[in-house]
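Student:
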Amino acid sequence: MKLSELGEFGLIERIQARFRTPDGVTGIGDDCAVLPQSTGRDTLVSSDMLIEGTHFLRKDIPSYDLGWKSAAVNLSDIAAMGGKPTGTFLSLALPANLDTDWIDAFMHGYADISERFGTPLLGGDTTASPDRICINVTVLGECPYARARLRSNAQKGDVICVTGSLGDSAAGLKAILKGVERDMDVQRLIDRHYRPVPRVAEGEELRLNLGVHAMMDISDGLASDLQHILDASEMDAQIDATAIPLSLALKRICAAQGWDPLALAVSGGEDYELLFTCTPQTEALLALPHFVIGRITDRAHGPARLTWRGTSSPLSPGFDHFKKGK
Ligand code: ADP
Ligand code: MG
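So in the working numbering, spot 93 of the sequence shown is number 94, and the numbers just go up one at a time.
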């Protein structure tokens with residue numbers, strides 16, 4: 002069988018099947034691993050790669066932004082658990098002919114976001130790559146014992162919320178690839194794609210509220226990411242497509258270019274907003290800006306199912322690295 006038939010998540014399951022996760026530890030399958038410590042706090046760990054040609058095009062992304070984004074996407078996984086990030090490790094595989102100015106600007110972006118979130122660089126690895134730039138970041142974080150919000154804790158009757166507008170990053174990417182002229186709206190969308198801001202403070206605030214049940218960050222796209230919560234929680238859900246928050250910039254570029262904003266919001270990834278479920282009572286009292294987009298329902302039968310209201314357009318699933326995605 003070829004990897005393209007197995008798919009990204011099929012492969013992860015196959016890898017996972019070889020290992021037993023120690024009791025009390027959350028391992029493969031959530032945004033971070035959760036490791037209880039004798040101090041009474043939990044350590045959170047996550048790792049993410051960015052590969053030239055797959056995640057970015059060197060000629061398009063300023064290296065400052067790539068440095069920022071490499072850290073941001075990892076910090077977002079700590080935010081997704083409701084944790085506080087404490088430090089990072091950075092591994093770089095670089096072609097020998099790369100200009101040192103490129104690397105300096107990359108590290109400038111990486112240092113700026115690290116300073117903003119108080120996460121010192123603690124180590125990593127450096128090696129040569131024959132051709133493409135490969136970046137791997139590992140992020141460490143912490144939270145009080147057993148308080149990390151897992152994907153597996155959505156409860157029947159919970160409302161489903163997001164912390165901000167969806168689709169901007171995907172529209173920004175589309176604008177870059179199609180060479181759309183950069184007015185203020187377009188630049189805003191591109192900024193969201195190149196310099197996402199992980200919702201760390203929001204994640205910590207949500208973690209303090211016990212009515213918040215399941216949480217993750219939106220990296221692959223709402224449709225596929227919510228499916229992970231449903232699979233892990235063994236629940237179904239209904240989403241009201243008309244309630245999905247769309248920015249003015251997204252609506253304007255879609256109107257001008259003839260793009261479907263809903264398709265970008267649902268299937269486009271890399272928004273790095275938080276997706277969480279909570280009781281309706283909790284939601285009514287939440288001070289933090291958020292949008293209710295649907296509800297968790299009891300699992301009918303078979304695999305966890307996501308149904309849509311308010312749209313007749315076919316919604317494609319999110320990104321799979323080995324299958325033909327969006
Ligand atoms: P995210 O989008 O939050 O970064 P991923 O979809 O990349 O998460 O990964 C899903 C889960 O699978 C995570 O728990 C991750 O740690 C785990 N995972 C991914 N690739 C591997 C691998 N090669 N070996 C072990 N675990 C993996
Ligand atoms: Mg994640």
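Glycine included, C-beta positions come from ideal geometry on N, C-alpha and C.
I need the DSSP call for T22, collapsed to helix, strand or coil.
Tutor: Reduced to three states, the DSSP call for T22 is coil.
Student: Considering only residues of the same chain and omitting the five flanking positions on each side of D186, which have a CB-CB separation below 7 Å?
Tutor: A250, R253, I254
Student: Quick one: what's C144 bridged to in DSSP?
Tutor: D43
Student: Cβ of L190 within 9 Å of Cβ of A176?
Tutor: yes
Student: Since S153 contacts A233 with CB under 8 Å, what's their CB separation in whole angstroms?
Tutor: 4 Å
Student: Could you give the first and the last residue of the continuous alpha helix (DSSP H) run that contains M236?
Tutor: Here M236 belongs to no alpha helix (DSSP H), and DSSP marks it neither H nor E.
Student: Please check the pair T278 and I297, which I expect to be a contact at CB under 8 Å, by giving their CB distance rounded to whole angstroms.
Tutor: 6 Å
Student: Is the beta carbon of S166 within less than 8 Å of some heavy atom of the ligand ADP?
Tutor: False, no ligand heavy atom lies under 8 Å from that Cβ.
Student: Could you name the residues whose beta carbon sits closer than 7 Å to any heavy atom belonging to the ligand MG, keeping them in chain order?
Tutor: D32, S77, D78, A81, M217, D218, S220
Student: Does DSSP classify G125 as helix, strand or coil?
Tutor: strand
Student: Please classify P262: is it buried, with 16 or more other beta-carbons within 10 angstroms of its beta-carbon, or exposed?
Tutor: buried
Student: Could you give the first and the last residue of the continuous alpha helix (DSSP H) run that contains W103?
Tutor: 101–117
Student: Do you know offhand how far T308's Cα is from P131's?
Tutor: 46 Å
Student: What's the C-alpha gap between Y111 and R117?
Tutor: Within the model, the alpha-carbon separation for Y111 versus R117 is close to 10 Å.
Student: If you draw a straight line from the alpha carbon of Y65 to that of I161, how long is it in whole angstroms?
Tutor: Distance between the alpha carbons of Y65 and I161: 35 Å.
Student: Where does T243 fall in DSSP's three states?
Tutor: helix
Student: Starting from E310, trace the alpha helix (DSSP H) in both directions and tell me its first and last residue.
Tutor: In the sequence as presented, Glu is not what sits at residue 310; that position holds Arg. Careful: R310 lies outside any alpha helix (DSSP H), inside the beta strand (DSSP E) at 307–310.
Student: Here's the rule: buried if 16 or more other CB atoms are within 10 angstroms of the residue's CB, otherwise exposed. What is G259?
Tutor: exposed
Student: Assign E271 to one of two classes, buried (16 or more other C-beta atoms within 10 Å of its C-beta) or exposed (fewer than that).
Tutor: buried
Student: Which of the three DSSP states, helix, strand or coil, is assigned to S71?
Tutor: helix
Student: Grouping DSSP H, G and I as helix and E and B as strand, with all else coil, what is N210?
Tutor: Reduced to three states, the DSSP call for N210 is coil.
Student: Going by other Cβ atoms of all chains shown within 10 Å of its Cβ, with 16 needed for buried, is F107 buried or exposed?
Tutor: buried
Student: Does DSSP classify C342 as helix, strand or coil?
Tutor: Coverage of the chain is limited to positions 2 through 327, which leaves residue 342 absent and any answer about it impossible.
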